[in-house]
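Residue numbers (the numbering used here): 61 to 305.
We put the beta carbon where it would ideally sit given N, CA and C, even for glycine.
In this text the structure is predicted, and so the values were computed from the model without any measurement.
Take a look at the structure set out below.
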Amino acid sequence: MNILLSNDDGYTAEGIRTLERVLSSYGHNIYVSAPDSEQSGKSHAMTIKGRVTVTEYSPHHFHVSGTPADCIIYSHRCSLFPVSFDVVISGINHGYNLSTDIIYSGTCAAARQAAFYGMKAIAISVEERDNLRLFEAAASFLCSNLDYFLSLIPVGTFMNINLPSSFDGRYEAAGLGEIVYNDSVVVREMNGDRRILEIEHADLEYYPSGTSYRADHEICHSGLASVSIIDPVPALSAAMENLKA
61 MNILLSNDDG
71 YTAEGIRTLE
81 RVLSSYGHNI
91 YVSAPDSEQS
101 GKSHAMTIKG
111 RVTVTEYSPH
121 HFHVSGTPAD
131 CIIYSHRCSL
141 FPVSFDVVIS
151 GINHGYNLST
161 DIIYSGTCAA
171 ARQAAFYGMK
181 AIAISVEERD
191 NLRLFEAAAS
201 FLCSNLDYFL
211 SLIPVGTFMN
221 INLPSSFDGR
231 YEAAGLGEIV
241 YNDSVVVREM
251 NGDRRILEIE
261 HADLEYYPSG
271 TSYRADHEIC
281 HSGLASVSII
291 DPVPALSAAM
301 ENLKA
C-alpha cells in the first residue's frame with residue numbers, strides 16, 4: 061500500500077518513527093507529511109492567512125511549519141507526492157485521544173481532514189507517552205489488522221484507535237464517551253493590567269457513550285484497545301436524513 065503518515069507530536073516523535081519502521085517491514089510504501097514541532101491540542105486549526113514552509117528532509121518525507129490539518133491540506137492541494145494514498149494514518153500519538161478529547165486532538169484532525177478529502181484515514185494513540193514497547197505493540201496491531209480495518213471505514217469517516225498500557229492484543233468496538241475536565245484557572249502573576257493565567261488540572265469525570273457500544277474510555281480502562289468509527293459531521297448527516305424524510 062501507499063501510506064501517508066502524519067501526527068501532532070512532530071516528525072521526529074518516537075510514535076511516528078516506530079509506525080513507519082513497522083509499516084515498512086510489512087512491505088508498505090511510506091510517505092510522511094508531519095509538523096516540524098509539537099502541535100498537540102491544536103484541533104483542526106489550519107493556516108489560511110500567511111505562508112507554510114514545507115521541507116523535504118528525506119525523499120518523500122516532509123515536515124511542515126503548520127498544524128496537523130495543514131499537513132494534509134497542503135500535501136493534498138499542491139500534490140507534494142507522486143502517488144495517491146490507500147490510507148492516511150495519524151500517530152502513533154503520545155497519549156490517549158478518547159471520547160470528546162477527539163475535538164481537541166491534532167492527531168484526529170489530520171485523519172479527519174483526510175476523511176474530508178474522501179481518503180481512508182486512521183488515528184492511533186497509546187496511553188503512555190514514552191513506552192517504547194507500547195509503540196511497537198500498537199504499530200504491529202495496526203499492521204496485522206490493516207486490511208480488515210480499512211474495509212470497515214465508510215467514505216467520509218475515520219477510525220480512531222486507542223491502546224492502554226496493559227494491551228494484550230484484544231480490542232472492542234467502541235462508542236464515543238464524554239470526558240469532563242474540572243480544571244480551574246489560577247492567576248499566577250499580576251503586573252499592572254496584565255495577568256498571567258495557568259490551568260490547574262483536577263480530576264476528570266467520565267460519562268458513557270449513549271449508544272449500544274461501551275464508551276472508548278471504559279474499554280481502555282478495562283485493558284482492551286478501543287476501535288471507533290468517527291463521523292466528523294454527524295449533526296449534518298442527521299439533518300440531511302431529516303430533509304430526505
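Out of the options, state which residue places its alpha-carbon closest to the alpha-carbon of residue i.
i, options, result
"residue 195", "83, 61, 64 and 62", "83"
"residue 286", "86, 180, 226 and 65", "226"
"residue 190", "105, 201, 76 and 232", "76"
"residue 211", "233, 180, 280 and 223", "180"
"residue 273", "111, 147 and 159", "159"
"residue 292", "207, 174, 202 and 267", "174"
"residue 306", "111, 193 and 168", "There is no way to answer for residue 306, as the model of the chain reaches only from 61 to 305."
"residue 81", "113, 202 and 224", "202"
"residue 105", "86, 125 and 114", "125"
"residue 178", "168, 205 and 148", "148"
"residue 213", "114, 176 and 99", "176"
Can you have a look at residue i and say buried or exposed, based on whether 16 or more other CB atoms are within 10 angstroms of its CB?
i, result
"residue 257", "exposed"
"residue 172", "buried"
"residue 43", "Nothing can be reported for residue 43, as the shown portion of the chain is limited to 61 through 305."
"residue 241", "exposed"
"residue 136", "buried"
"residue 219", "buried"
"residue 262", "exposed"
"residue 71", "buried"
"residue 138", "exposed"
"residue 217", "buried"
"residue 207", "exposed"
"residue 78", "buried"
Would you tell me roughly how many angstroms separate the C-alpha atoms of residue i and residue j, rounded to the nearest one?
i, j, result
"residue 144", "residue 259", "42 Å"
"residue 131", "residue 215", "20 Å"
"residue 199", "residue 107", "30 Å"
"residue 279", "residue 270", "14 Å"
"residue 88", "residue 116", "20 Å"
"residue 91", "residue 246", "43 Å"
"residue 157", "residue 290", "12 Å"
"residue 325", "residue 252", "Any question about residue 325 goes unanswered here, given that the chain covers just 61 to 305."
Pull up the CB-CB distance for residue i and residue j, whole angstroms please, since I reckon it's below 8 Å.
i, j, result
"residue 120", "residue 94", "Contact flag wrong, Cβ pair sits at about 12 Å."
"residue 66", "residue 170", "4 Å"
"residue 166", "residue 142", "Not a contact, Cβ separation roughly 26 Å."
"residue 182", "residue 209", "7 Å"
"residue 164", "residue 103", "5 Å"
"residue 146", "residue 63", "6 Å"
"residue 288", "residue 235", "7 Å"
"residue 276", "residue 237", "6 Å"
"residue 284", "residue 232", "5 Å"
Should residue i be listed as close to the ligand SAH, given that the test is whether its C-beta is under 7 Å from any heavy atom?
i, result
"residue 135", "This structure simply doesn't include the ligand SAH, nor any ligand for that matter."
Would you say the region 150-169 touches the region 183-194, given that touching needs at least three Cβ pairs under 8 Å? yes
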